[in-house]
Amino acid sequence: MLIVWPAVTGLVLMTVPPVRRWAREFAVGASVVELALVVGLLASFDRSQAGDIQFSELHSWIPQIGASWALGVNGIGLSLIVLSAVLVPLVIAAGWKEDDAHSRRAQYLGLVLVSESFMVGIFAARDVFLFYVLFEAMLIPLYFLIGSFGGAQRRYAAVKFLIYSLVGGLVMLVAVIALYFQGPGGEQAFLTANLTGLSMEPWVERLLFVGFFFAFAIKAPLVPVHTWLPSVAESARVGTTTLLVAILDKIGTFGMLTLCLVLFPGASRWAAPFVIVLAVISVLYGAFAAIGQDNMYRLVAFTSVSHFGMIVLGIFAFRQTAIEGATFYMVSHGLSTGALFLMVGFLEARHGTVSVKAYGGLQKVVPVLAGTFLIVGLSALSLPGMSPFASEIMVLIGAYPAAKVAVIVAILGVVLAALYILLTYQKLFTGPTPTAMESTKDLTMRERLVVWPLIVSMLVLGIVPALALDYLREPSAGIVAIVSEEAGK
Amino acid sequence: MTYSAPDIAWAPLTPILIVLGAAALGVLLEAFVRVPAERRVYQFQLSVVAVLASLVAVVWQWVALDGDGVVVLKSMILLDRQALAWQFLILIFALVGVLMFADKGREGEDAFTPLGSVAPGSAEETVARAKGMYLTEAFPLVLFATGGMMLFATVNDLLFLFVALELFSLPLYILVALSRRRRLLSQEASLKYFLLGAFSSAIFLFGVALLFGATEQTGMYEIGEAIATYMPQRSALILLGAFMVVAGLLFKVGAVPFHFWVPDAYQGAPSPVTAFMAAATKAAAVAALARLSYLVLFRLAWELNWIIWTVAILSMVFGTVLAIVQTDIKRMLAYSSIAHAGFILVAFAGFSPSALSALPFYMATYGLATLGAFAVITQVREITPDGAIGAEATRLGQWAGLGKRSPLLAVAMTLFLLSFAGIPLTAGFIGKFVAFRAAIEAGAWPLVIVAVLASGAAAFFYIRVAVLMFFTDAPTDTSPHVVVRPTTLGRVVAIAMAIAVIVLGVLPGWALELAHSAGVLLAPATGG
Chain D
94 MLIVWPAVTG
104 LVLMTVPPVR
114 RWAREFAVGA
124 SVVELALVVG
134 LLASFDRSQA
144 GDIQFSELHS
154 WIPQIGASWA
164 LGVNGIGLSL
174 IVLSAVLVPL
184 VIAAGWKEDD
194 AHSRRAQYLG
204 LVLVSESFMV
214 GIFAARDVFL
224 FYVLFEAMLI
234 PLYFLIGSFG
244 GAQRRYAAVK
254 FLIYSLVGGL
264 VMLVAVIALY
274 FQGPGGEQAF
284 LTANLTGLSM
294 EPWVERLLFV
304 GFFFAFAIKA
314 PLVPVHTWLP
324 SVAESARVGT
334 TTLLVAILDK
344 IGTFGMLTLC
354 LVLFPGASRW
364 AAPFVIVLAV
374 ISVLYGAFAA
384 IGQDNMYRLV
394 AFTSVSHFGM
404 IVLGIFAFRQ
414 TAIEGATFYM
424 VSHGLSTGAL
434 FLMVGFLEAR
444 HGTVSVKAYG
454 GLQKVVPVLA
464 GTFLIVGLSA
474 LSLPGMSPFA
484 SEIMVLIGAY
494 PAAKVAVIVA
504 ILGVVLAALY
514 ILLTYQKLFT
524 GPTPTAMEST
534 KDLTMRERLV
544 VWPLIVSMLV
554 LGIVPALALD
564 YLREPSAGIV
574 AIVSEEAGK
Chain V
52 MTYSAPDIAW
62 APLTPILIVL
72 GAAALGVLLE
82 AFVRVPAERR
92 VYQFQLSVVA
102 VLASLVAVVW
112 QWVALDGDGV
122 VVLKSMILLD
132 RQALAWQFLI
142 LIFALVGVLM
152 FADKGREGED
162 AFTPLGSVAP
172 GSAEETVARA
182 KGMYLTEAFP
192 LVLFATGGMM
202 LFATVNDLLF
212 LFVALELFSL
222 PLYILVALSR
232 RRRLLSQEAS
242 LKYFLLGAFS
252 SAIFLFGVAL
262 LFGATEQTGM
272 YEIGEAIATY
282 MPQRSALILL
292 GAFMVVAGLL
302 FKVGAVPFHF
312 WVPDAYQGAP
322 SPVTAFMAAA
332 TKAAAVAALA
342 RLSYLVLFRL
352 AWELNWIIWT
362 VAILSMVFGT
372 VLAIVQTDIK
382 RMLAYSSIAH
392 AGFILVAFAG
402 FSPSALSALP
412 FYMATYGLAT
422 LGAFAVITQV
432 REITPDGAIG
442 AEATRLGQWA
452 GLGKRSPLLA
462 VAMTLFLLSF
472 AGIPLTAGFI
482 GKFVAFRAAI
492 EAGAWPLVIV
502 AVLASGAAAF
512 FYIRVAVLMF
522 FTDAPTDTSP
532 HVVVRPTTLG
542 RVVAIAMAIA
552 VIVLGVLPGW
562 ALELAHSAGV
572 LLAPATGG
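Chains D and V supply the protein sequences, listed in that same order.
Throughout the first sequence, residue numbering follows this note's numbering, covering 94 to 582 in sequence.
Throughout the second sequence, residue numbering follows this note's numbering, covering 52 to 579 in sequence.
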């Protein structure tokens, strides 16, 4: 139901002409209903059993190839579903003023809703085949979202995105099929549960791990396969970018966590040193690249590359605190980067440019906007009291015993984060105001309603992280148990 | 010397007999029904009834078949579930093909020239057109081709295989030449197809002769048995013969380096013929190749596998790369069909047993999407300067903005393209999945990696067409303009195929089950 609802409403929006007139209202309504459904799910989730899969559904789908329609969430999947459900209505509301033509607007919002379906489905899939199908099929609505709505370079960006993702996905397909022959076979051969704890030849396991990891590293994205993200961020519409970076890229880290580590624990340990090096490179490279950007979308995209490096570092430390922190960071990063992208979008809506150089001295003109931007920015640089801080500190402390050097280097990235955020703020909002910008409008009510809930939730989660950690602790412990159990053998 | 009539089990042959009988009847209709318009109706009805009756007969045979299959005519023909599955598939393609053959717009024009024997652009042609002539021979021709293909999928004897090959090839050579528009292009395509086809038939026949010389047998099964005896001594003859037979079949599959006819024939032929040819010929050729592989070639796996690997890789790479640079949609689909021939060969690599059930399913997914895509192509037309509906608008640029004018067709076309690309939730994905699975099972994973990379690149040009249809505005200044010709049959075919692609993509369980039970070849241990 949770999965089907947005897809159905999205398709209705695209195909039924009378609805198009009220596309925005319809889409917000549909996504709010989805949010309500998710909140209902959250309320009935048994927190004391967060490590177990709950709300399981299991239907035979294509028994001939061992695929099942198997759904269910543990604490991690649920948190990410909640994140998606929260962000989608906000993104729709943020883009309220875009598009004059009804039909285009309906197309855009319909695609957004269809994508939401795929996201929820992926976070809930418990069958590797189902996961793969959704993972790949999702590219199509996304491709259209990027390629048809956005800036001048959007086609190029969309093709780049598609090629990167497809190649990653297809390499994963080989691994998925090969995994089938390692597993027990039969009508439920692809259930994640049936594929966990296989004993494979080390080299087979490593190859399969690489196949899966490659796809997830592209999605996450990790240096050196990150280059699609800045192009997409620059060219796509801000709503698309927000969804993409705040939620969809989490599928990469989510996949590493729940598939790579769980299915191939031996190979994960084997690959951990390489992955951690890649992660640290991402942290630093992303941060340095962000400092050099003038285009704000690219800037935020590179900060994300840096943050994803941090998440991957946490995941591949194989420590309870680090993985818990990484999962928490996935949620926090969604909130903080989502807010940051939306803020940039608001600026762009005012002056039609995202070049840092074009702005200046706005603090005097639009104090609320400047303040909000500052808070959002500070959250991205992990100011204590905000949730990114709590999660980042957990990752770093948790990973320290496992990878001391990596953590010390990664801390540099945190320092650099302060640099690129504060520098940007300084250029945008202090100094002399260009005359063209003296009549800039402050944040409107709608815009405040979009961004402030994100800030509030970051504050709440930053001060009382237990709210989220209660959901994340046990699943993380379960994953750590699987990864390190084999080490004991 | 006394002659004794051979003992023939007629019942298993009913599907083929129905189709060929109807074809013969169709030829008589040509002679005795004078009014072209009436003749057209009769021929159409006859063809549809024959194909449907044959379908019923195939289903009846499938249900009645006990054990692995029936041996007919001293193992000339092996009727097993694999053969029936291919026959069923070919008949479905033929049914859709016939519907497309009969499709004509309000202005009464179908895809064929009114009179095939007159010179293009001559005064006689104008007269024929004015008199409302129809080239109704197309229907019996397609029935003959269908019968030949069904036989092709069934026979065990290589000489008989050659007869079946000619039986379905000759009508196709003619059909390719019969386009109503761009007749010179069509005739050129037919000539090329014929010359190369005749050449490859000769190679095939030469291969059969060599194999016979080495093993003293013409039956595939018997050759397979004899190879074990003769292999070390007569390996040169056997290998060369097997190689030439395979080359003849690969020509029909359209794999590199036997692909040169494909782009021209696909582009020049009338679109309904292209659709039928792409789907059914490929299916028949793959069926015969499968039988040959599992009865003969697997014994030569060590010596011949590299050929399959090379041809598969070449087909995928060439097909994909050349498809990317095409500007004509029919040529693009032709190159994509070459790439698909490569994907099909991937399933053969290593002779995994599950390939026998993967292949019919893959061909079903590919064939249905191909028929649908060409049905859409027949609908998109240019407008001639005097406002009449002209030839098909096949330049890619002319498809810009189709999504706005005809959303239904554009959505259907997008589905077919996504299915070609193998995107999940369409039939093509499941087809690729089972094909690649068969290859990986046999340990051919390097080949599968090439295949997925080619699919990745191929997705680029498929999606490009989708983008063109939905996100590019139609050019306002180019002449001639493009219209969507609303014809009932073409539209019905396109929509039905789109539904089939979705159903096979989302709920393929039942079809895979059928394909699975079709994955058995009859090995006539008793020799008939």
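Beta carbons: idealized from backbone N, C-alpha and C, even for Gly.
Annotated as distal: Gly292 of chain V and Gly270 of chain V, with beta-carbon spacing of 8 Å or more.
In this structure, D:Ile369 is the residue among D:Ala394, D:Ile374, D:Ile369, D:Thr430 with its C-alpha nearest to the C-alpha of Gly407 of chain D. If you check the CB distance, Glu150 of chain D and Ser177 of chain D do not come in under 8 Å. Against Ala363 of chain V, chain D offers no close residue; the least beta-carbon distance is about 15 Å (beta-carbon pairs closer than 7 Å). Listed in chain order, the positions of the segment 270-295 of chain D with a beta carbon within less than 8 Å of a beta carbon of chain V are Ile270, Ala271, Tyr273, Phe274.
Runs of the alpha helix (DSSP H) spanning 4 or more residues and lying entirely within the segment 263-350 of chain D occur at 285-288, 295-312, 321-328, 331-336, 342-348, in chain order.
Around the CB of Asp58 of chain V, fewer than 16 other CB atoms lie within 10 Å, so the residue is classed as exposed.
In the structure shown, Val557 of chain D falls within a coil segment according to DSSP collapsed to helix, strand and coil. Against chain D, a Cβ distance below 7 Å from Ser506 of chain V picks out Leu263. The alpha-carbon separation between Val325 of chain D and Tyr493 of chain D amounts to approximately 34 Å. Pro323 of chain D is outside the set of residues whose beta carbon lies under 8 Å from a beta carbon in chain V. Ile67 of chain V counts as buried, since no fewer than 16 other beta carbons sit within 10 angstroms of its beta carbon.
Contact between the segment 227-238 of chain V and the segment 100-113 of chain V is absent, with fewer than three C-beta pairs closer than 8 Å.
Counting only Cβ-Cβ distances below 8 Å, Pro314 of chain D has no contacts in chain V at all, with the closest Cβ about 17 Å away. In the structure shown, Gly144 of chain D falls within a coil segment according to DSSP collapsed to helix, strand and coil.
Beta-carbon to beta-carbon, Val544 of chain V and Met151 of chain V are separated by about 6 Å, close enough to satisfy the 8 Å threshold. A direct Cα-to-Cα measurement between Val397 of chain V and Phe412 of chain V gives close to 14 Å. Against chain V, the beta carbon of Pro156 of chain D has neighbours under 9 Å at Gly560, Leu563, Glu564, listed in chain order. Under the 10 Å beta carbon count, Arg539 of chain D is surrounded by fewer than 16 other beta carbons and is classified as exposed. Ser399 of chain D places its beta carbon less than 8 Å from that of Ala383 of chain D. Taken in chain order, the members of the segment 231-244 of chain D whose beta-carbon sits within less than 8 Å of a beta-carbon on chain V are Leu232, Ile233, Tyr236, Phe237, Gly240, Ser241. For the pair Ile128 of chain V and Val206 of chain V, the CB atoms are nearer than the 8 Å cut-off.
Trp189 of chain D sits in coil when the DSSP states are folded into three classes, being neither helix nor strand.
Cα atoms of Leu351 of chain V and Gly479 of chain V: separation of roughly 31 Å, rounded to the nearest angstrom. In the three-state scheme derived from DSSP, where H, G and I count as helix and E and B as strand, Ser484 of chain D is classed as helix. Take the alpha-carbon of Phe211 of chain V and the one of Val123 of chain V: they are about 13 Å apart. The three-state reading of DSSP puts Ala420 of chain V in helix, counting H, G and I together. In this structure, Asp379 of chain V lies near Thr445 of chain V, with their beta-carbon atoms less than 8 Å apart.
Bridge pairing for Leu498 of chain V: absent [DSSP]. Between Val78 of chain V and Ala145 of chain V, the CB-CB gap reaches or exceeds 8 Å. The alpha helix (DSSP H) runs lying completely inside the segment 471-519 of chain V and spanning 4 residues or more are 478-492, given in chain order.
In the DSSP assignment, the residues bridged to Phe163 of chain V are V:Ser230. Put simply, the backbone Cα of Tyr236 of chain D is about 21 Å away from that of Val376 of chain V. A distance below 8 Å between beta-carbons, with the five flanking residues on each side excluded, links Tyr513 of chain V to the following residues of its chain, in chain order: Ser387, Leu468, Leu469, Phe471, Ala472. Using beta-carbon distances, Phe484 of chain V counts as an interface residue toward chain D, with a partner under 8 Å. Contact between Val149 of chain V and Val193 of chain V holds: CB atoms are separated by about 6 Å, below the 8 Å threshold.
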